[in-house]
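**Q** One structure, pasted below without further comment.
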Amino acid sequence: MPAVATDDRLRSLVEAVRDEVIRLDGHIRNLLNATRVTAGGLTPRLEWSDPRDIVNAAIKARARRLAAHHLEIGFDDDLPLLKVDSGLIEEACGQLLENAAKYSPSGSTISVQTRYDRGHVVMSIIDQGVGVTPDEQRHLGRKSFRSPRHQASVPGSGLGFWIASTFIRAHDGTVEIASRGQGLGT
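Residue numbers for the sequence shown follow the UniProt record's numbering, beginning at 1 and rising by one.
Quick look at the structure:
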């Protein structure tokens, strides 16, 4: 029996290393793509996509990082297809989900709601995390911005939100942040 337990632990360790390699590879690709988009060297490849598929793929790709949270997922029944680069929008969604998980306590709820509102598909990611101060809101979206209150306690590069914003703006979309303040989620 001890050999089986060792094999299970080894298998789990190998899976964790594999997931990290995939995550790092994805971050490198995203950084390169975001840099290309901002330099005008990458144009989104537009195709008709179901927003449900995009959101579900982003959640599935980050299942391990989201596992410590309770997810609430909702979709309006009348969601239209979107003409987008589904890979870029999925990555933008994923970056925002990762931020929600990173800045929220384990066991908290992350809500992902996608609705059709006045001709636009709106995706909301709502967490119960540390919140965003008005000063932080002014700086979000800048490349490599990290709030001083998180630099020592939360790992990161300050690129995730910038990447998400860049990919969404490349589709003529917007990213809006709403928080009632520090400790009140976003």
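Glycine included, C-beta positions come from ideal geometry on N, C-alpha and C.
All values reported here derive from a predicted model rather than from experimental measurement.
Where does residue 86 sit, in a helix, a strand or coil, going by DSSP?
**A** Taking the sequence shown and counting its residues from 1, the one referred to as residue 86 is at position 86. If DSSP states are grouped into helix, strand and coil, residue 86 belongs with the helices.
**Q** In the DSSP assignment, what residue or residues form a beta bridge with residue 115?
**A** Taking the sequence shown and counting its residues from 1, one reaches residue 115 at position 115. BP columns for residue 115 point to 122.
**Q** Report back the beta-carbon spacing between residue 84 and residue 171 to the nearest angstrom; my notes put them in contact at under 8 Å.
**A** Here residue 84 is taken as the residue at index 84 of the sequence shown, counted from 1. Here residue 171 is taken as the residue at index 171 of the sequence shown, counted from 1. Residue 84 to residue 171, Cβ: 5 Å. Contact.
**Q** Sorted by chain position, which residues of the same chain lie with C-beta nearer than 7 Å to residue 42's C-beta, five sequence neighbours on each side aside?
**A** On the sequence shown, residue 42 is found 42 positions in, with the first residue counted as 1. Excluding positions up to five away in sequence, the list reads 33, 36.
**Q** Residue 22: buried (16+ other C-beta within 10 angstroms of its C-beta) or exposed?
**A** Residue numbering aside, residue 22 sits at position 22 when the sequence shown is read from its first letter. By the 10 Å Cβ count, residue 22 comes out exposed.
**Q** Three Cβ pairs or more, each shorter than 8 Å: is that satisfied between the segment 172 to 182 and the segment 127 to 139?
**A** Output reads yes: the segment 127 to 139 touches the segment 172 to 182.
**Q** From 64, 127, 79, pick the residue whose C-alpha is nearest to that of residue 109; which is it?
**A** On the sequence shown, position 109 is the one that residue 109 refers to. Among 64, 127, 79, the Cα nearest to that of residue 109 belongs to 127.
**Q** From the DSSP output, in three-state form, read off residue 109 for me.
**A** Numbered from its first residue, the sequence shown carries residue 109 at position 109. Of the three classes helix, strand and coil, the one that applies to residue 109 here is strand, per DSSP.
**Q** Are the CB atoms of residue 167 and residue 141 within a distance shorter than 9 Å?
**A** Taking the sequence shown and counting its residues from 1, the one referred to as residue 141 is at position 141. Taking the sequence shown and counting its residues from 1, the one referred to as residue 167 is at position 167. Going by C-beta atoms, residue 141 is not nearer than 9 Å to residue 167.
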